[in-house]
Amino acid sequence: AQKVTQAQTEISVVEKEDVTLDCVYETRDTTYYLFWYKQPPSGELVFLIRRNSFDEQNEISGRYSWNFQKSTSSFNFTITASQVVDSAVYFCALSEEVLYNQGGKLIFGQGTELSVKP
Amino acid sequence: NAGVTQTPKFRVLKTGQSMTLLCAQDMNHEYMYWYRQDPGMGLRLIHYSVGEGTTAKGEVPDGYNVSRLKKQNFLLGLESAAPSQTSVYFCASRPPLGRGNTEAFFGQGTRLTVV
Numbered sequence: 005a006q007k008v009t010q011a012q013t014e015i016s017v018v019e020k021e022d023v024t025l026d027c028v029y030e031t032r033d034t035t036y037y038l039f040w041y042k043q044p045p046s047g048e049l050v051f052l053i054r055r056n057s058f059d060e061q062n063e064i065s066g067r068y069s070w071n072f073q074k075s076t077s078s079f080n081f082t083i084t085a086s087q088v089v090d091s092a093v094y095f096c097a098l099s100e101e102v103l104y105n106q107g108g109k110l111i112f113g114q115g116t117e118l119s120v121k122p
Numbered sequence: 007n008a009g010v011t012q013t014p015k016f017r018v019l020k021t022g023q024s025m026t027l028l029c030a031q032d033m034n035h036e037y038m039y040w041y042r043q044d045p046g047m048g049l050r051l052i053h054y055s056v057g058e059g060t061t062a063k064g065e066v067p068d069g070y071n072v073s074r075l076k077k078q079n080f081l082l083g084l085e086s087a088a089p090s091q092t093s094v095y096f097c098a099s100r101p102p103l104g105r106g107n108t109e110a111f112f113g114q115g116t117r118l119t120v121v
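Same order as they appear, the protein sequences are chains A and B. Under the numbering used here, the first sequence has 54 at position 50, and the numbering climbs by one with no breaks. Under the numbering used here, the second sequence has 117 at position 111, and the numbering climbs by one with no breaks.
In structure tokens:
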């Protein structure tokens, strides 16, 4: 079965602190994609990153970095030097491919609400 | 380029009434999804479709039906609305994995209240 777990429901940090959001996933497929989305208070869902199951290289984009480890089925997200504008709910998601008309689900974790205080 | 458009954006229903939420995408995506978002529950998949004329159940399908008669549209129906269906509904679309940009694009959401 396909499952995404974000164990941290809420995180509160002070501006300029580093913060890591955890994501653990379960899947039986060998081909899959992992995603992170941001949902600011305005409510829209903003795409941050995708990673396919064959690429375990870590990625850095400005203050954001992602650590993908297949051995522990984790895809963690770190914000360095957090800012008030980073306050949002962050979702991790998993998608499997369609094979023989089965699959294709895009499943989200429960989200982590990050609050960055000045 | 409109992306994913949901109609309506807000709606108040009385218990027992029916309604249809429309999701339209102009990116020629094969896959489409309907989610509901409730406080503390994240985004839960209601139904999804991997192609025109095909639909499948997600995590919380009870009380909802869907149809995908045209590739660009994915309809979510509530036959007899219940207060438990008060939620924010999101539609998303994406191409199959491996075909270029595989991110899911989301609509702006529909806030539904059932009284």
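From the three backbone atoms N, C-alpha and C, an ideal C-beta is built for every residue, glycine too. Since the model is a prediction, treat every value here as computed from it, not as a measurement.
- [ ] For chain A, find out if any of its Cβ atoms is closer than 8 Å to the Cβ of P102 (chain B); answer yes or no.
- [x] Here residue 102 (chain B) refers to the residue found at position 96 of the second sequence. Yes, contact with chain A.
Task: Under the three-state DSSP convention, the category S90 (chain B) falls into - done: On the second sequence, residue 90 (chain B) is found 84 positions in, with the first residue counted as 1. The DSSP-derived three-state label of S90 (chain B) is helix.
Open item on the list: So for D44 (chain B), helix, strand or coil by DSSP?
Closed with: Translated into the one-based positions of the second sequence, residue 44 (chain B) becomes position 38. D44 (chain B) sits in a strand when the DSSP states are folded into three classes.
- [ ] Give every residue of the same chain whose Cβ lies closer than 7 Å to the Cβ of T108 (chain B), excluding the five residues on either side of it in the sequence, and list them in chain order.
- [x] For the purposes of this step, residue 108 (chain B) is taken as the residue at position 102 of the second sequence. Cβ neighbours of T108 (chain B) beyond the five flanking positions: R100, P101.
- [ ] Could you pull out every residue in the same chain whose Cβ sits closer than 7 Å to the Cβ of N56 (chain A), ignoring the five residues on either side in sequence?
- [x] As a working note, residue 56 (chain A) is residue 52 in the first sequence. Excluding positions up to five away in sequence, the list reads Y37.
Open item on the list: From the DSSP secondary-structure annotation, give me the bridge partner or partners of M25 (chain B).
Closed with: On the second sequence, residue 25 (chain B) is found 19 positions in, with the first residue counted as 1. Per DSSP, the beta-bridge partners of M25 (chain B) are B:L84.
TODO: Report the rounded CA-to-CA distance for V56 (chain B) versus Q12 (chain A), giving the unit in angstroms.
DONE: Stepping through the second sequence from its first residue, residue 56 (chain B) is reached at position 50. Stepping through the first sequence from its first residue, residue 12 (chain A) is reached at position 8. Spanning the two alpha carbons is a distance of roughly 31 Å.
- [ ] Please state if the CB of V93 (chain A) and the CB of E19 (chain A) are separated by a distance shorter than 8 Å.
- [x] Here residue 19 (chain A) corresponds to residue number 15 of the first sequence, with the count starting at 1. Here residue 93 (chain A) corresponds to residue number 89 of the first sequence, with the count starting at 1. In this structure, the beta-carbon distance from E19 (chain A) to V93 (chain A) does not fall below 8 Å.
TODO: Select from A:R54, A:Q114, A:N71 the residue whose C-alpha is nearest the C-alpha of I83 (chain A).
DONE: The sequence position of residue 83 (chain A) within the first sequence is 79, counting from 1. Its Cα nearest to that of I83 (chain A), the residue A:N71 stands out among A:R54, A:Q114, A:N71.
Task: Candidates B:L118, B:V66, B:H53, B:Y95: closest to P89 (chain B) by CA position - done: Mapped onto the second sequence, residue 89 (chain B) falls at position 83. Answer by Cα proximity: B:L118.
Open item on the list: If you measure between the beta carbons of A30 (chain B) and Q78 (chain B), is that distance less than 8 Å?
Closed with: One-based indexing of the second sequence puts residue 30 (chain B) at position 24. One-based indexing of the second sequence puts residue 78 (chain B) at position 72. Taking 8 Å as the Cβ cut-off, A30 (chain B) and Q78 (chain B) qualify as a contacting pair.
Task: Cβ separation of T31 (chain A) and E100 (chain A), assumed to be a contact under 8 Å, to the nearest whole Å - done: For the purposes of this step, residue 31 (chain A) is taken as residue 27 along the first sequence, with counting starting at 1. For the purposes of this step, residue 100 (chain A) is taken as residue 96 along the first sequence, with counting starting at 1. At roughly 6 Å, the Cβ-Cβ gap stays under 8 Å, so T31 (chain A) and E100 (chain A) are in contact.
Open item on the list: So T34 (chain A) and F81 (chain A) are supposed to be a Cβ contact under 8 Å. How far apart are they, rounded?
Closed with: Residue numbering aside, residue 34 (chain A) sits at position 30 when the first sequence is read from its first letter. Residue numbering aside, residue 81 (chain A) sits at position 77 when the first sequence is read from its first letter. The pair is not a contact, with the Cβ atoms about 23 Å apart (cut-off 8 Å).
Task: From B:F112, B:G9, B:R42, residue whose alpha carbon lies closest to that of G64 (chain B) - done: By one-based count along the second sequence, residue 64 (chain B) stands at place 58. Comparing Cα positions, the closest option is B:R42.
Open item on the list: Are the CB atoms of L84 (chain B) and L28 (chain B) within a distance shorter than 8 Å?
Closed with: Within the second sequence, numbered from 1, the residue matching residue 28 (chain B) stands at position 22. Within the second sequence, numbered from 1, the residue matching residue 84 (chain B) stands at position 78. No. Outside cutoff.
Open item on the list: Does the distance between the C-beta of D90 (chain A) and the nearest non-hydrogen atom of the ligand MG fall short of 7 Å?
Closed with: Ligands are entirely absent from the displayed structure, and the ligand MG is therefore not among its contents.
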